[in-house]
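Read through the structure below, which is laid out as structure tokens, and then see the notes.
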Amino acid sequence: MDVLERLSVISRITTELHNHWGVNDRDLAEFVVHLGEEASSLEEFRERLQENGAAVSSSLAVSLYTTIQKLSQKKRASAKASVLDLPGKKTSTAPSSSAASEASCAPPLPGHELTEKEKKFPGLCMPNDFSRPELQLERPDDSAPLSEHAQRLLNAEKDDKELQREQKEALKRGRDSKFAPVQSGANSIPLGGKKAEGEAERAPKTDGKAPAHYYGRKGPMIRYAIYEGVVDKVVEFGCFVRLEFDEGTRQGLLHIADMVKTDGRPVQPQDVVHRNMPVKVKILGIAGSKISLSMREVDQETGEDLKPRGEFAKKEEDSTGEMKKIRIDDEAEEREKQGIGRLTGIRIDSKDNTVESLYCRKRKLMSDFDKWEAQQLLHSGLLTREEHPLFDEELGILPSVEVDEDVEIEIREDEALFLRGQTTRTGMQLSPVKIVANPDGSLARAAATATALAKERREIRNAQEAAILDSIPKDMSRPWEDPAPGPGERTIAQALKGLGQTSYEMPEWKKMYIGKSVSFGQKSNKSIAEQRQGLPIYRLREPLLKAIKENQVLIVIGETGSGKTTQMTQYIAEAGLVTPGTMIGCTQPRRVAAISVAKRVAEEFGCRVGQEVGYNIRFEDCTSPDTIIKYMTDGMLLREALVDASLKRYCVVMLDEAHERTISTDVLFGLLKDCCRRRPDFKLIVTSATLDAEKFSNYFFNSHIFTIPGRTFPVEILYTKEPEADYVEASLITVLQIHLCEPPGDILLFLTGQEEIDTACQTLHERMQKLESTNPPPLIILPVYSALPSEMQTMIFDPAPPGCRKCVVATNIAEASLTIDGIYFVIDPGFAKMKMYNPKTGMDSLVVAPISQANARQRAGRAGRTGPGKCYRLYTEQAYRCEMLPVAVPEIQRTNLENTVLLLKAMGVNDMLNFDFMDPPPVQTLINALESLYELGALDDEGLLTRLGRKMAEFPMEPQLSKMLLASVDLKCSDEIITIVSMLSVQNVFYRPKDKQAMSDQRKSCFHQPEGDHVTYLEIYRGWQRNRFANSWCFENFVQSRAMRRAQDVRKQLITIMDRYKLDVISAGKDYNRILRDVALPSVAAFLVAGRCICAGYFRHACRRDPQEGYRTLVDHTQVFLHPSSALYNRHPEWLIYHELVLTTREYLRDCCTIEPQWLVEVAPKLFKLADQQRLSRRKMRERIEPLYDRFAEPNAWRLSKRRG
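First residue of the sequence shown? That's 1 in UniProt numbering, and the numbers climb one at a time after it.
What follows is the structure, given as structure tokens:
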């Protein structure tokens, strides 16, 4: 047992060294264990390591020393037990402390007794490591210039006008333009000629100085030194280079493999070099009179050594003397020889990447019936071999007729070592978080029937359209057959084609501004100074500044519109509370809010956006060194805390809209609370629009509460006597009753989503038209939802015209994020859509659920802004008191936490159970997140962050997309994956006008690719790029130019991020196009590697076709269906991976792509395995045998269970 325990410790030390240093050496681990056993203290252990040339950080030294001492304690305990077991000795019955230490992943702190939950879930209470030296070292230099290749890619994303304008501006400034000449977009070639295909197209960073071992044209002959030579002779396997040494002229062999990276591609030496060509080479070996040379390890322009070897290899050390990075080139080269990627460990020598597999690839994806039909026609002689749809004209052969092996994939039952006995695989079942106070109450029943009622309304509308379609004459050919038809009978079918679709009637609020100049936001005739002085916060400026100076943490309560978001940051800056070199940070839960508030504050501050006032959101940083007020999303501040936990760049941080309790805000609560302990000069301000300030105050050290009194009036609350089954219908009736019976005043109606709002607006408009005979006053219906933030016209905020009433139909965005004056009547059905995480499927879904009492009070307060108002609550008072939670369930307790757990792990927080959450998340959600990160490769068997996990944490996106990008670097298709990720980040690339649905569907089908939606998105972007990013191309193909611009911005930012972290952006399409030459669609060839990258990130979303109907997910065997908008609809591929699961009338898969089942085992060996061929697989055990249809036999009569006797 002692030997096994020692081997286990050595294995763990090896993993630690590999994670921190990149060294996977077992002998080195044994040497470290030896030093730890001999050392008597931690300081002596660190000194011994430094004496042997290993300057380690304090956190790593503590981790290594603790692990080694744990082994030593067990040795001493076993030795003591062996002595006590001798004859005549008394054994001690005192309990050993090793039992408690084995219950956890690490020995507990002295005096710390494990709780019941910590004993039950040791994987969630591992010791923290806050130093994080590896992340500090990986912080990119944002001020460094981009590489030539990255700049060339960014220039390719600009149209001709933009490039010409920038060139003119550069010439006006009196310096040379840094942009390449305007050529054909993505096909432009940089000055200096075209690089070899497949080579990493990165200009290496250099300071312009050659290395010390660069001898130029003449020097001593030294191994691994660099010289200038001339190509003397070109042969089939390479070339001979003539070199001048002090000893005389010699010739060396430069093999084709050492010229450029071939990646298995057939490359001829004549394509790379020619006779009398000057080259820079490195001597790899000297054997007598023979010299082996390398050209690909030397930069041909500067002579820089791209891969130092031997005595010229350098070790980079930082200013503190600690080791900054250790690169073991031999190990990396060995991994490449074994066909394993450096970053992700994915196999890069898959048989799908070979030239033979590319040639054998089908040009067209055919259904089973189409294949059978073509085969029957071929055998009958009606179809020649050349006319077969799958005939390869280049090779002159048909695809192999061999039947593909039916691969069975199964889920592994093995658990991670640090999660053993804690997951659902071992039967661990935990109760989910309740988002409804009473699941059997009237509100819960109404929420459950909301989907069915919406489906019923949709079916009624479809039935009306079908009735109009049935009235169209079906036999359109009869008038043409009649030799003497009546006048007008020969009607063209296309003229009646659009009659089956209801005419699109534009809403009134769009009619009022169509064709006119639209002003966004709220109009005001007052100056900026008068507007600022009219805010409620202006009268409290001095008391507020005094409270900020006297308190380190301040809780500010003020309703929406009081001015706390725009004015507090300016007051702090004007009072001189900003120290030099720091700034004021203000977080916003929404991207649109961060941009709009920054623009407003910059206008009031008297500067341009990006100077003294700026903003920072994902994929867009609009700040400068002069910025002193910075608005950002809470997620961006969380990413800054990933690098700098003390947030030294900020003197004041304001968490705005904290009552919304997003995931990032809740994590920031704990991090900023710890930051306040470490920095006495740090100020934290937490603002909220609700009155639940006591909870925030108690959490932040019983801090002071500052209240901004608002302009509120009394509001009369009205409840219904009986529960409402259909809250949408009840809301519409209430609107009409208020409009016809109540005095003047605008109405605010709360509904759950865009579909409900559009249906309600249409129904209200139709009912108002039916009431025209009674001459009612006009009702202006205005929808407001989150998908419409930039189209909030002036009429939404301005009072309604005289004699009219305004009815605003909004989601919960109008609770606190919007300030609409003139509202006197509020209709509250009591429901909202909430994001809910399903641990079984591992997906987030939006469900309709009752709101909380705090939300109900917030909605009622909207009616008391302008004057005394009324709030119509469409539920009983009993339901308000008994069926609603006091406050809403925080998002951290009901959503997926994979990204949050990854960030916490990257920050050194391993003890999730004892992290200072305001509301701790469910244990099952944390366990699922750890399990998913382990399957992605972000965590090792000990639950510690791997090198891949640290890389994934550096990208501002979910872990699956980060894994996709890193896998694309290994598989050399990062250009395609960046485009796909950019297109996936935007929604609704296509649009279907109601009057041109058939034409838009036809144009969309032209982009469909048999590989799926991901390659379809790639072709859409490439088509837009080939047409120089023209808006006219988007208009002709029914593509939203605004969404494409957004995808282009994301692509530019991803290229910049990849370049900052020194990750190559290489196109697989170009590489395979060079091999396949005449392949019509380069993206089809590129998909063989791009598809594996998608599979590497979203392997948990794999599905297989169900023999009965639809598909079955591999992880939880849920029945799902392809969305009709997918490019794979009606194609029925056997295996696919989806990006998003949408629940409407059924569970639909969106953004799908086809995969090969072998990829799942290659990219996710911790989750999938090949089924045993000798046994019946689990899928076949669950599969129900269905015989052929027989109309004379009773269904299932053949089964044994149906037989009598």
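The C-beta atom is built at its ideal place from N, Cα and C for all residues, glycine as well.
Note that the coordinates shown come from a computational prediction; the quantities given were computed from them, not determined experimentally.
> On the three-state DSSP scale, how would you describe His-1132?
Replying inline: Here the question's residue 1132 lines up with position 1132 in the sequence shown. Residue state, collapsed to three classes: coil.
> If you check the beta carbons only, do Leu-1128 and Cys-1152 fall under 8 Å apart?
Replying inline: Translated into positions along the sequence shown, residue 1128 becomes position 1128. Translated into positions along the sequence shown, residue 1152 becomes position 1152. In this structure, Cys-1152 lies closer than 8 Å to Leu-1128 by Cβ.
>> Please classify Asp-27 as buried or exposed, where buried requires at least 16 neighbouring CB atoms within 10 angstroms.
In response: Mapped onto the sequence shown, residue 27 falls at position 27. Under this definition Asp-27 is an exposed residue.
> Should the region 967–987 be called in touch with the region 1043–1059, which here means at least 3 C-beta pairs below 8 Å?
Replying inline: yes
> Mind checking Asp-940: buried by the 16 CB within 10 Å criterion, or exposed?
Replying inline: As a first step, residue 940 must be located in the sequence shown, where it is residue number 940. Its Cβ being crowded by 16 or more others within 10 Å, Asp-940 is buried.
> Got a sec? Which residues, its chain only, sit under 6 Å from Lys-1004 by beta carbon, not counting five neighbours each side?
Replying inline: Within the sequence shown, numbered from 1, the residue matching residue 1004 stands at position 1004. So the list reads Phe-990, once near-sequence residues are dropped.
> Would a C-beta distance cut-off of 8 Å place Val-735 and Ile-827 closer than the cut-off?
Replying inline: Here residue 735 is taken as the residue at index 735 of the sequence shown, counted from 1. Here residue 827 is taken as the residue at index 827 of the sequence shown, counted from 1. Contact: yes.
> Going by C-alpha distance, which of Thr-423, Pro-709, Arg-678, Tyr-631 is nearest Leu-540?
Replying inline: One-based indexing of the sequence shown puts residue 540 at position 540. Selected option, being the one with the closest Cα: Pro-709.
> Could you give the residue range of the beta strand (DSSP E) that holds Ser-527?
Replying inline: By 1-based counting over the sequence shown, the position of residue 527 is 527. Per DSSP, Ser-527 belongs to no beta strand (DSSP E) and is neither H nor E.
> DSSP puts Ile-283 in a beta bridge; with which residues?
Replying inline: The count along the sequence shown starts at 1 and reaches residue 283 at position 283. Leu-293.
>> Below 7 Å, is the gap between the Cβ of Lys-371 and the nearest heavy atom of the ligand FMN?
In response: In the structure on display, the ligand FMN does not appear, and there are no ligands present to speak of.
> Considering Met-768, what are the terminal residues of the alpha helix (DSSP H) in which it resides?
Replying inline: As a working mapping, residue 768 is identified with position 768 in the sequence shown. Its alpha helix (DSSP H) spans residues 754–770.
>> Short of 8 Å in beta carbon distance, which residues of its chain neighbour Asn-1027, apart from the five on each side in sequence? Order them along the chain.
In response: Sequence index remark: in the sequence shown, residue 1027 carries index 1027 (1-based). Taken in chain order, the residues that qualify are Trp-1033.
> Apart from the five residues just before and just after Lys-599, which ones in its own chain have a Cβ nearer than 6 Å to its Cβ?
Replying inline: Translated into positions along the sequence shown, residue 599 becomes position 599. Excluding sequence neighbours, Lys-599 sits near Val-609.
>> Let me check one thing: in DSSP terms, what residues is Phe-605 bridge-paired to?
In response: Along the sequence shown, read from residue 1 onward, the residue named residue 605 stands at position 605. Its beta-bridge partners do not exist; DSSP assigns none.
> Secondary structure at Gln-853, three-state DSSP: helix, strand or coil?
Replying inline: For the purposes of this step, residue 853 is taken as the residue at position 853 of the sequence shown. Here Gln-853 sits in helix by DSSP.
> Hey, would you say Leu-933 sits closer than 8 Å to Pro-959, going by beta carbons?
Replying inline: For the purposes of this step, residue 933 is taken as the residue at position 933 of the sequence shown. For the purposes of this step, residue 959 is taken as the residue at position 959 of the sequence shown. Yes, Cβ-Cβ distance for Leu-933 and Pro-959 is below 8 Å.
> Between Gly-441 and Ala-1030, what straight-line distance do the alpha-carbon atoms span, to the nearest angstrom?
Replying inline: As a position in the sequence shown, residue 441 is number 441, starting the count at 1. As a position in the sequence shown, residue 1030 is number 1030, starting the count at 1. Taking the straight line joining both Cα atoms gives about 55 Å.
>> Can you list, in chain order, the residues of its chain with a C-beta nearer than 7 Å to that of Ser-703? Leave out the 5 residues immediately preceding and following it.
In response: For this step, residue 703 is matched to residue 703 along the sequence shown. Excluding positions up to five away in sequence, the list reads Asn-551, Val-553, Leu-554, Ile-555, Ser-697.
> Just the Cα atoms here: how many angstroms apart are Asp-414 and Arg-1104?
Replying inline: Locating residue 414 in the sequence shown gives position 414, counting from the first residue. Locating residue 1104 in the sequence shown gives position 1104, counting from the first residue. Straight-line Cα distance between these residues: approximately 22 Å.
> What's the C-alpha gap between Leu-1141 and Pro-777?
Replying inline: For this step, residue 1141 is matched to residue 1141 along the sequence shown. For this step, residue 777 is matched to residue 777 along the sequence shown. Whole-angstrom Cα-Cα distance: 45 Å.
> What span of residues does the alpha helix (DSSP H) with Thr-979 cover, start to end?
Replying inline: As a first step, residue 979 is located in the sequence shown; it is residue number 979 there, counting from the start. Looking at the DSSP string, the run of the alpha helix (DSSP H) that includes Thr-979 is 974–985.
> From Ala-906, Val-1065, Gly-1012, pick the residue whose C-alpha is nearest to that of Glu-976; which is it?
Replying inline: Translated into positions along the sequence shown, residue 976 becomes position 976. Among Ala-906, Val-1065, Gly-1012, the Cα nearest to that of Glu-976 is on Val-1065.
> With respect to the alpha helix (DSSP H) encompassing Leu-965, which residues constitute its N-terminal and C-terminal limits?
Replying inline: The sequence position of residue 965 within the sequence shown is 965, counting from 1. Looking at the DSSP string, the run of the alpha helix (DSSP H) that includes Leu-965 is 959–970.
> Where Asp-159 and Met-1044 are concerned, what is the direct C-alpha to C-alpha distance, given to the nearest angstrom?
Replying inline: Counted from its first residue, the sequence shown places residue 159 at position 159. Counted from its first residue, the sequence shown places residue 1044 at position 1044. Rounded to the nearest angstrom, the two C-alpha atoms are 14 Å apart.
>> Checking the sheet assignment: what are the DSSP bridge partners for Leu-417?
In response: On the sequence shown, residue 417 is found 417 positions in, with the first residue counted as 1. DSSP output for Leu-417 lists no bridge partner at all.
>> Just to confirm the assignment, what range does the alpha helix (DSSP H) spanning Gln-151 have?
In response: If you number the sequence shown from 1, residue 151 lands on position 151. Unbroken alpha helix (DSSP H) run through Gln-151: 148–156.
> CB Tyr-1098 to CB Leu-874, shorter than 8 Å?
Replying inline: If you number the sequence shown from 1, residue 1098 lands on position 1098. If you number the sequence shown from 1, residue 874 lands on position 874. Cβ atoms of Tyr-1098 and Leu-874: not closer than 8 Å.
> With DSSP run on the structure shown, which of helix, strand or coil describes His-255?
Replying inline: Indexing the sequence shown from 1 puts residue 255 at position 255. It is a strand residue.
> By Cβ distance, which residues of its chain are closer than 6 Å to Lys-905, with the 5 residues on each side in sequence left out?
Replying inline: One-based indexing of the sequence shown puts residue 905 at position 905. Closer than 6 Å at the Cβ level, and outside the excluded window around Lys-905, lie Leu-945.
>> Rounded to whole angstroms, what is the Cα-Cα separation between Asp-674 and Cys-607?
In response: What you label residue 674 is simply residue 674 of the sequence shown in a count that begins at 1. What you label residue 607 is simply residue 607 of the sequence shown in a count that begins at 1. About 34 Å.
> Touching or not, the region 741–756 and the region 898–913, by the rule of three or more beta carbon pairs under 8 Å?
Replying inline: Segments in contact, no.
> DSSP three-state call for Ser-688: helix, strand or coil?
Replying inline: On the sequence shown, position 688 is the one that residue 688 refers to. In the structure shown, Ser-688 sits in a strand (DSSP, three-state: E or B).
>> In whole angstroms, give me the CA-to-CA distance for Gln-531 and Leu-1136.
In response: Numbered from its first residue, the sequence shown carries residue 531 at position 531. Numbered from its first residue, the sequence shown carries residue 1136 at position 1136. Using only the alpha carbons, I get a separation of about 57 Å.
>> For a test of the three-state rule: what should DSSP assign to Cys-1152, helix, strand or coil?
In response: Taking the first residue of the sequence shown as 1, we reach residue 1152 at position 1152. In this structure, Cys-1152 counts as strand in the three-state DSSP scheme.
> Along the chain, which unbroken stretches of the alpha helix (DSSP H) at least 4 residues long are found entirely within the region 526–592?
Replying inline: Counting only runs of 4 or more, we get 528–533, 541–550, 564–574.
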